[in-house]
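All letters in the sequence shown, in the order written, are residues -21 to -1, 1 to 454 by mature numbering (1 follows the signal peptide of the UniProt record, and there is no 0).
Glycine included, every Cβ here is placed at the ideal spot set by N, Cα and C.
Here is the structure we will look at, set down as structure tokens.
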Amino acid sequence: MVCKLMLMFLFFLLTSTVVLALDLSKLHGNISFNSSDIKAASLDFGRINHVESLAVMYPNSEQDIVHLVKKALSTQGFNVSARGKGHSAYGQAQVAGGVVIDMSSTTASLQMRRKPVQGRISSYVDVWGGDQWINVLNYTLPHGLAPKSWTDYLHVTVGGTLSYAGIGGQTYLHGPQISNVYELDVVTGKGELKTCSKEQNTELFCGVLGGLGQFGIITRARISLESAPGSVILMQLTYYDFSVFTKDQEYLISLHEKPASERFDSLLGSVSVDTVPIKYNLEVVKYIYKSTTDAVNQEVDVLLAKLDSVSITRNILSYTNYLERLWQLELDLRSKGLWDVPHPGLSLLVPKSSIRDFDKGVIKGIIGNNSNGNLYCRWDPCTSAVTPEGDVFYSVWLLRTTGKGNKAIVDFIMNQNQEILNFCKKAEIKVRQYLPYYEKQKEWVDHYGDKWDLFRKRKMEFDPKHILATGQHIF
Ligand SMILES: Cc1cc2nc3c(=O)[nH]c(=O)nc-3n(C[C@H](O)[C@H](O)[C@H](O)COP(=O)(O)OP(=O)(O)OC[C@H]3O[C@@H](n4cnc5c(N)ncnc54)[C@H](O)[C@@H]3O)c2cc1C
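Set out below in structure tokens:
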């Protein structure tokens, strides 16, 4: 009897999947049930979690996404997840048995919409949510313009980074990428296409920025631009003393409101082990616009004279080569077979007041090797992103490598990540995860703290059936 019931249940599951597949195949926007497409959508940079969707959509327009979401709501119900380039660490863009929307599969007609305009407030560009930042650079640069705030790696998508914050060397000056957006088009979890900004549909705008894909799918973002420099002076400053390293960083960040000639254009710290001692590195950058390199070098000399690093290297690079500096790292890792392996990353925002305890307990104590990060300020409160107390904090990204993906090493690093979080809790270092990953709602409630009630209210309003971005495991 039990066996018969199980068979009937299995039959029901199979029929409902077939009906759903037939239903979906009638939609516009290239729905693929091909197993290789489904497999590709179930993989991400982290290579830790894998779940397979029923289908993958390659949208031709935002209307395809509207129809898909409406279908998800009207049939027996399935979940929908936007996927940028799948740089997530723990399956955040995957969806079991639902539909992954491959946002990075843009078409020519959508790319035509990127038109820089000299707006009243500032120059801006309209981009498709699935565009990679490198495409945005390549499009705006011939117009002499570029976004103000970058991630340090440009092969992530606009919709993907705006769902977190988008941080990099310029964040200390301009805020994260979510603070440099004027307007969005979003398909909500109710299947409505809405334009939103600080003035129009404000709740949706603030919710979606840093919203981990929970309230809608970003199809268009209007990004603020500035004049692009032709080249940059890139300097690497070395330190062995942590307190000197942080003193210099905190001094440089204090200059953020000074005229451009009296501060750097980008700051980024990192830590590595130099044979035995721990080496701290500060990457600072000065943009070269129209003035001569000599004149900019003189401004640099004035700034460097106030710093106490043990050594400095100085190079001139084109603006594009500077922004694309991590691309070479990707190529190197790929050539060694170290890209498509598990990356159990941990990314933390650490309050300035606790960074010394963090260095002692985590960097020197638990890890003793690679990480990078920096100081950031000026995060716009109108976003879903959460940060530690104070305007100034460090972002620490622990770059974990697992060799060729040995399971014992993956488990070791995952345990170490947990050990770091436990240590911070015990030592009362009030860190926040930057690319957060939790499996239990209680942990999300703690993560959002005071912002949780608003976050949940917005979910009720914009995705009441909880069909979006279920790979985040929040609702
Ligand atoms: C090598 C490397 C370097 C990185 N460097 C930086 C860095 O310098 N600074 C930084 O801030 N981050 C950095 N990241 C992290 C990166 O920002 C995140 O991985 C982010 O998820 C963007 O990746 P993606 O575009 O591939 O999005 P995915 O991983 O595909 O998606 C991430 C989440 O966003 C949602 N999402 C994707 N597109 C949309 C959309 N259009 N609308 C709504 N939701 C959407 C997905 O459903 C998912 O929940 C880096 C990651 C890697 C692997």
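| Asked | Found |
| --- | --- |
| Nearest candidate by alpha-carbon position, reference L234, set E182, Q179, L246 | L246 |
| Straight-line Cα distance separating Y132 from R304 | 8 Å |
| Proximity test, Y29 beta-carbon vs ligand 1 heavy atom, cut-off 6 Å | Looking at the sequence shown, residue 29 is not Tyr but His. Result no, Cβ not under 6 Å from ligand 1. |
| Opposing strand residues paired with L124 [DSSP bridges] | S206 |
| Contact test: T225 Cβ vs ligand 1 heavy atom, cutoff 6 Å | no |
| Check whether T362 and I157 have beta carbons under 7 Å apart | yes |
| Cβ neighbours of R437 in the same chain (closer than 7 Å, five flanking residues each side left out) | E182, G186, F194 |
| Beta strand (DSSP E) segment containing D227, residue limits | Per DSSP, D227 belongs to no beta strand (DSSP E); it is in the alpha helix (DSSP H), 221 to 233. |
| N294 - containing beta strand (DSSP E), residue span | 290 to 297 |
| At least three beta-carbon pairs within less than 8 Å, the segment 313 to 324 to the segment 386 to 397 | yes |
| Those residues which DSSP pairs with R201 across a bridge | D105, E162 |
| Nonlocal neighbours in the same chain, by C-beta distance under 6 Å from F(-10), ignoring five residues either side | The predicted model places F(-10) with a pLDDT of 46, which falls under 50 and marks its position as unreliable, so this point remains unresolved. |
| Given 8 Å, three or more beta-carbon pairs between the segment 424 to 433 and the segment 37 to 44 | no |
| Supposed close pair W107, R201 - CB separation, criterion 8 Å | Incorrect: roughly 12 Å between the Cβ atoms, too far for contact. |
| Assumed close pair S374, L308 - CB separation to whole angstroms, cut-off 8 Å | In fact, because the Cβ distance is near 18 Å, the residues do not count as touching under 8 Å. |
| Check whether V264 and D244 have beta carbons under 7 Å apart | yes |
| 8 Å contact criterion, which S251 and S101 should meet: CB distance rounded | Going by Cβ atoms, the distance from S251 to S101 rounds to 38 Å, so no, they are not a contact pair. |
| Spatial neighbours of G428 in its chain, beta-carbon cut-off 8 Å, leaving aside the 5 residues before and after | V365 |
| Pairwise C-alpha distance: G344 and I408 | 15 Å |
| Of the listed residues T54, L400, S60, H29, nearest to I346 (C-alpha basis) | L400 |
| For T217: DSSP bridge partner residues | N260, S290 |
| Given 8 Å, three or more beta-carbon pairs between the segment 226 to 233 and the segment 272 to 287 | yes |
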